[in-house]
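Here the structure is laid out as structure tokens; the discussion comes afterwards.
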Amino acid sequence: MTRRLGIVLVNWNRWADTIECLESVLRAGTKVHIVVVDNASADGSLDRIAEWAAGGLPAQPADPDMARFSQPPVAKPIKVIRLDAATAAATPPADVDVTLIDSGGNLGFAGGNNVGLRHLLLDPRVDYFWLLNNDTVIDPRAPAALIQRLDATHRVGMCGTMVRYYHRPTHIQALGGSVFSMWTGQSRGLGFNQPASMPFDPALIARQTDFVLGASLAVSRGFLETVGLMEESYFLYFEEIDWAVRGRGRFVTAFAHAAVVYHKEGGSIGSSGTAGGRSAMSEYYMLRARHGFIKRHRPWLLPVHGALSLALIARRLLRGNRVQAAAMLRALTGRPY
């Protein structure tokens, strides 16, 4: 069976999340290429994932109520190959269950995903590419439902899925993606924090989507070959918004509502959708990325965003979040984290 779908997981010091995700993907039954890109983890992630693949390390669900997506485990050993980034960029995907790639450094969200995408693009039989956060698990029907939606959408570029919260699986993080305001740089997840039982029109959701949530983002080969890979200068945040803007008017955005993903949200760097819940690192990269995005796509709005950022910093100070405020000020003034 041809592997028409390639999946990229970027790992950074979260091998336990990654092997739980891998168990859920492998149990789905759909033949896919799975690529794990490790961004220079300091916790021995690649060795741990290889140990899991050999059958020496079991996956442990972060929540026992979600064990049904990763348990019982798939039979081990599973076929694995390990590559460095240079070899992966010159070598077509092998017929294995999981390809592990050492990126050679912390390349950020876009850089890590691009390593996986370059490798998968070398197989002309791969039609679709699914960027999936490593802190997710998937419903076993998700890959097939995603492929079905992509096949059915003319001029498809990007496609989102139903994303629910891993620790609150009855509630939605996003129906596919979000709406976005250039004036404020703020986004609002479609269906955000609503019960998963809420009624919705999938076609309307697809039309309303300004960008697809990066935790579960699929793109077509045509999109990649026309628009290009993700912009790596952001490092974290705004990569998927930038991608959507670059492809606007040339490709259609789809929504695979029958493909369900459960997301732990913000495990690596402490990002959060809760007010005041972001770590200082998350605040730094969020503000830096927003200004980089506006400079690239709407430079005449930079004064507006400068004023907005100062107001956000002042709000953090008033709330007593001095560490976050200091990080945001460093981002605003172009200083390193």
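In the numbering used here, the protein residues as written are 16 to 352.
Idealized CB from N, CA, C, for every residue including glycine.
Keep in mind it's a predicted model, so treat the numbers as computed, not measured.
Along the segment 114-154, the alpha helix (DSSP H) occurs as fully enclosed runs of 4 or more residues at 123-136, listed in sequence order. Between G204 and Q223, the CB-CB gap reaches or exceeds 8 Å. When rounded, the separation of the alpha-carbon atoms in R293 and R334 is 13 Å. Taking a cut-off of 8 Å on C-beta distances, the segment 91-101 touches the segment 115-126, as three or more cross pairs fall below it.
If you draw a straight line from the Cα of I153 to the Cα of V275, it is about 6 Å long. Relative to D150, the option among K279, V267 and W27 whose CA is nearest is K279. Going by DSSP, R97 is part of the beta strand (DSSP E) stretching over V95 to D99. Looking at the backbone, the Cα of P76 and that of P314 are separated by about 45 Å.
In the same chain as A82, and ignoring 5 residues on each side of it, the C-beta atoms closer than 6 Å to its own belong to P76, in chain order. Within a 10 Å sphere around the beta-carbon of M213 sit fewer than 16 other beta-carbons, which makes this residue exposed.
Residue environment analysis places L232 among the buried positions, since at least 16 neighbouring C-beta atoms fall within 10 angstroms of its C-beta. Under the 8 Å Cβ criterion, the segment 253-269 counts as touching the segment 299-313, having at least three qualifying pairs. Between F253 and the set F238, P210, H272 and G200, the nearest pair of CA atoms involves G200. For R222, the three-state secondary structure derived from DSSP is helix.
Taking V25 as the centre and dropping the five residues before and after it, the same chain places the C-beta of V52, N54, F124, G127, N128 and N149 closer than 7 Å to its C-beta, in chain order.
No residue range can be given for V111, since it is assigned to no alpha helix (DSSP H) and is classified by DSSP as neither H nor E.
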